[in-house]
Amino acid sequence: MSDMPDTDLGRTRMASASDGAGTDPRAGVGEAQDGPAEEEVKALRVLRRGFAMSPELRRGLPVIAAVGLFAAVGRLIVPVMVQLVLDHGVIGPAGYRPGVVWALSLAALGAVLVVAAAGRFALIQLVRMAESVLLGLRVRAFEHIHRLSLATHTESRRGVLVARVTSDIEAMAIFMQWGAMSWTINPVLIVATLAVMLFYSWQLTLLVLVLHLLVLPFMRWVQRRQIAAHSRVRDRVADTMGHTSETVSAAAVIRAYGYRGAVRTRLDRAVDRQYEAQMSAFKWWAFLMPTVDLVSSVALAAALVVGVTWSEELGIGAGGLVAFVFLVRLLMRPISEIGEVFDTTQSALAAWWKVLGVLDTPVEVVEPTPSEARPLPGGPLAVEVRSVDFAYRTGGLVLRGVDVSIPADANVAVVGETGSGKTTFARLLARLADPTAGE
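Heads up, the sequence shown is in our numbering, so the first residue is 680 and it goes up one at a time.
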């Protein structure tokens, strides 16, 4: 059979290849994944869809809670023990008591070791859960792509579906390796730290909390722009892969017609657009991170000044104040990581949204269930084609009123001029697509 594409199919591919932005308005799956409106990419919406599509993630929630709890307890032991050692073993009413210091220090060491061992076990389970989520998502994406119809693959820009199961999944993997750990540990650590700080001095805790709350509206404003910027990055990555794939597959034609300069210019533009999108996304991270660090430093300085100046009025002793400073420093760490965590998270959410777009693409060629499948006899099969019409999503009919009877075990050649529908007819016989009419 001829390998020449049909006229309509050829026009579709040429339009896709010549589209510099990679947003062919006629595209089916390409449009659904490459060009979502910025307001559609909402973090909570992505999380809801992601949890619904990833049962491994739902099953791993107890592990996530355990990791956060062990990490929070392990980090809070040291500030509390410092306060106890100072107040009861160093500067207490009885003066320096080495026995108390040694006993409390050994107790703290034992508690830290136990919590560290339990936390490591829970962390290993979290890593396994994260990898199973990525594996399940990648397998489901591959399975769904292979079930998509010929028209969907034809109208999708070359390289887009490859980007969904490679670079987008890799962006999620980077998040799972570090960002997911931070989101697991830091919220529990922040809540637990604030609870212990309230125990020492609710006034100083309120001061620190108010100063940090002032940055929340700014963080929300940046977060919306970060996820939109990272969504554009995923689109530009798909464009670069598409241009590269088209160039490699058409290398012989490019050399034959002397299109090297034009193709190189198009590739350079695609790389430049990806670079500009990536730098635009990094800009928000570079803007947020020092702002959060500045607010955290101001909160620490304010708590220290107020605590030293009005320690008697606040009812906090030297040991309690030292422990409070330790706790504020402990609180600063997850807060100072917010900028980098947000950047990694927005990149992963944008990538997740693209992969979910693939999984939401409707399957037009539905395979029959085992109960509905028609049993076939053994050996070669005969083929009966009755009044078959076929049209791609764009343009008119490619095949019209085809009636063919091919006996079993026959060798048949399909001949015809370019664009007459030879390849389309062969694909219909292999059920890579379903006819528009007929059977």
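Backbone N, C-alpha and C fix where the C-beta goes; we use that ideal spot for every residue, glycine too.
- The shortest CA-to-CA distance from residue 1071 to any of 1096, 1083, 805, 1103 is the one to 1103.
- Between residue 963 and residue 905, the C-beta spacing is below 8 angstroms.
- Setting aside the 5 residues that flank it on each side, residue 748 is surrounded in the same chain by 867, each with a C-beta closer than 7 angstroms to its C-beta; the list follows chain order.
- Counting the other Cβ atoms within 10 Å of the Cβ of residue 1090 gives fewer than 16, which makes it exposed.
- Here residue 846 is not bridged, per DSSP, to any residue.
- Inter-segment contact for the stretch 886 to 898 and the stretch 778 to 797 is absent: fewer than three beta-carbon pairs are separated by less than 8 angstroms.
- Per DSSP, reduced to three states, the secondary structure at residue 1063 is strand.
- Classified as exposed, residue 773 has fewer than 16 neighbouring CB atoms from the shown chains inside 10 Å of its CB.
- By the Cβ-count criterion, residue 1066 is exposed, with fewer than 16 other Cβ atoms from all chains shown falling within 10 Å of its own Cβ.
- Residue 875 is positioned such that its CB atom lies closer than 8 angstroms to that of residue 759.
- Within the same chain, and ignoring the five residues on either side of residue 857 in sequence, the residues whose Cβ sits closer than 7 angstroms to its Cβ are 1023.
- The three-state reading of DSSP puts residue 901 in helix, counting H, G and I together.
- Here DSSP, grouped into helix, strand and coil, assigns residue 1079 to strand.
- Distance between residue 1009 and residue 930, taken at the CA atoms: about 57 angstroms.
- In this structure, residue 813 sits near residue 851, with a CB-CB distance shorter than 8 angstroms.
- For the set 1041, 847, 1021, the Cα lying nearest the Cα of residue 900 is the one of 1021.
- By the Cβ rule, the stretch 789 to 806 counts as touching the stretch 738 to 755, because three or more pairs are nearer than 8 angstroms.
- The C-alpha of residue 1014 is placed about 25 angstroms away from the C-alpha of residue 804.
- For residue 889, the number of other beta carbons within 10 angstroms of its own is below 16, and it is reported as exposed.
- Annotated three-state conformation of residue 1068 is strand, per DSSP.
- In the displayed model, residue 880 falls within coil according to three-state DSSP, outside both helix and strand.
- Counted as a single uninterrupted DSSP element, the alpha helix (DSSP H) harbouring residue 964 occupies residues 939 to 988.
- Residue 886 is not a Cβ neighbour of residue 923, given a cutoff of 8 angstroms.
- In the three-state reduction of the DSSP assignment, residue 770 falls in the coil class.
- Between residue 815 and residue 733, the gap from beta carbon to beta carbon is short of 8 angstroms.
- Put simply, of 910, 920, 944 the residue whose alpha carbon is nearest the alpha carbon of residue 960 is 910.
- Distance from the CA atom of residue 1078 to the CA atom of residue 918, rounded to whole angstroms, is 32 angstroms.
- Residue pairing of residue 1085 in beta bridges, as defined by DSSP: 1062.
- Residue 988 sits exposed, since fewer than 16 C-beta atoms from the chains shown fall within 10 Å of its C-beta.
- Within the same chain, Cβ atoms closer than 7 angstroms to the Cβ of residue 970 are found at 894, 897, the five residues on either side in sequence being excluded.
- Judged by beta-carbon spacing, residue 823 lies within the 8 angstroms limit of residue 1037, meaning their Cβ atoms are closer than that value.
- Comparing alpha-carbon positions, the option among 725, 1032, 843 lying closest to residue 821 turns out to be 843.
- Less than 8 angstroms separates the beta-carbon of residue 1086 from that of residue 1061.
- Residue pairing from DSSP places residue 1116 in a beta bridge opposite 1068.
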